[in-house]
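Chemist: In the numbering used here, the protein residues as written are 145 to 362. Ideal Cβ placement from N, Cα and C applies to all residues, glycine included. One structure follows; several queries about it will come next.
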């Protein structure tokens with residue numbers, strides 16, 4: 145994996161972690177404060193947390209944590225799959241947050257989530273904007289992270305190549321060494337990747353030897 149690809153992965157992981165932290169913190173804060181009265185006593189005050197008003201916020205934060213592990217464990221097209229999943233997570237988390245920021249509170253929904261009795265009347269429902277803004281920020285961070293790993297997908301090999309079967313690694317090492325021989329002198333390994341060199345060594349071969357892939361090599 146190139147240095148630029150590693151840097152991109154590190155940036156994406158940081159963005160995913162910050163996005164997950166923002167979503168989790170937002171889910172623990174009060175999004176809506178509901179004041180109601182049933183006509184029998186003092187007004188009742190209910191605080192609806194983000195985990196209640198936008199129930200998917202916490203699970204989506206956990207998905208971002210899982211995406212961090214997946215970012216290191218997959219490569220190629222699977223990296224694009226991870227990026228696509230994160231984009232869906234970002235959109236799903238942003239919708240309720242942005243809705244609360246740009247519209248008024250739905251009194252009927254507020255009453256239902258506060259589990260008010262049928263006779264109760266909602267006197268007011270005030271939105272706390274900063275938790276919703278924090279969730280929206282977390283969504284943006286996750287989205288930027290998804291774009292980052294998608295752009296690096298072509299050069300990302302991930303950890304999975306370290307666990308290829310020995311036969312696969314030997315074949316890859318042989319092919320890479322043969323390609324290097326065809327492109328230059330028999331001992332030229334300039335075109336052989338660092339990964340292929342290590343695969344050849346793991347397979348017990350000398351990647352610089354002219355006959356490393358020859359039929360008589362044992």
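Determine the closest residue to residue 171 out of 215, 259, 240, with distance taken between C-alpha atoms.
Modeler: Residue 171 has its Cα closest to that of 240, out of 215, 259, 240.
Chemist: Which residue from 254, 296, 289 puts its Cα closest to that of residue 174?
Modeler: Nearest C-alpha to residue 174: 254.
Chemist: Spatial neighbours of residue 177 within its chain, please: CB distance less than 6 angstroms, with the 5 preceding and 5 following residues excluded, ordered by chain position.
Modeler: So the qualifying residues of the chain are 191, 270.
Chemist: Mapping DSSP to helix, strand and coil, what is residue 271?
Modeler: The answer is strand: DSSP assigns residue 271 an E or B state.
Chemist: Less than 8 angstroms separating the beta-carbons of residue 286 and residue 244?
Modeler: Contact: no.
Chemist: Please go through the region 187-238 and give each complete alpha helix (DSSP H) segment of 4 or more residues, from N-terminal end onward.
Modeler: Counting only runs of 4 or more, we get 194-197, 201-217.
Chemist: What residue from 260, 263, 168, 297 has the CA that sits closest to residue 200's CA?
Modeler: It is 168.
Chemist: Grouping DSSP H, G and I as helix and E and B as strand, with all else coil, what is residue 243?
Modeler: Correct three-state label for residue 243: helix.
Chemist: How about residue 208 and residue 230: are their beta carbons less than 8 angstroms apart?
Modeler: Closer than 8 angstroms, so yes.
Chemist: Buried or exposed: where does residue 233 fall if 16 or more other Cβ atoms within 10 Å of its Cβ makes it buried?
Modeler: Classification for residue 233: buried.
Chemist: Of the residues 164, 188, 263, 152, which one's Cα is nearest the Cα of residue 280?
Modeler: Nearest C-alpha to residue 280: 164.
Chemist: Which residues mark the beginning and the end of the beta strand (DSSP E) in which residue 174 is found?
Modeler: Start and end: 174-181.
Chemist: Going by C-alpha to C-alpha distance, which of 296, 297, 290, 341 sits closest to residue 159?
Modeler: For residue 159, the nearest C-alpha among the options comes from 290.
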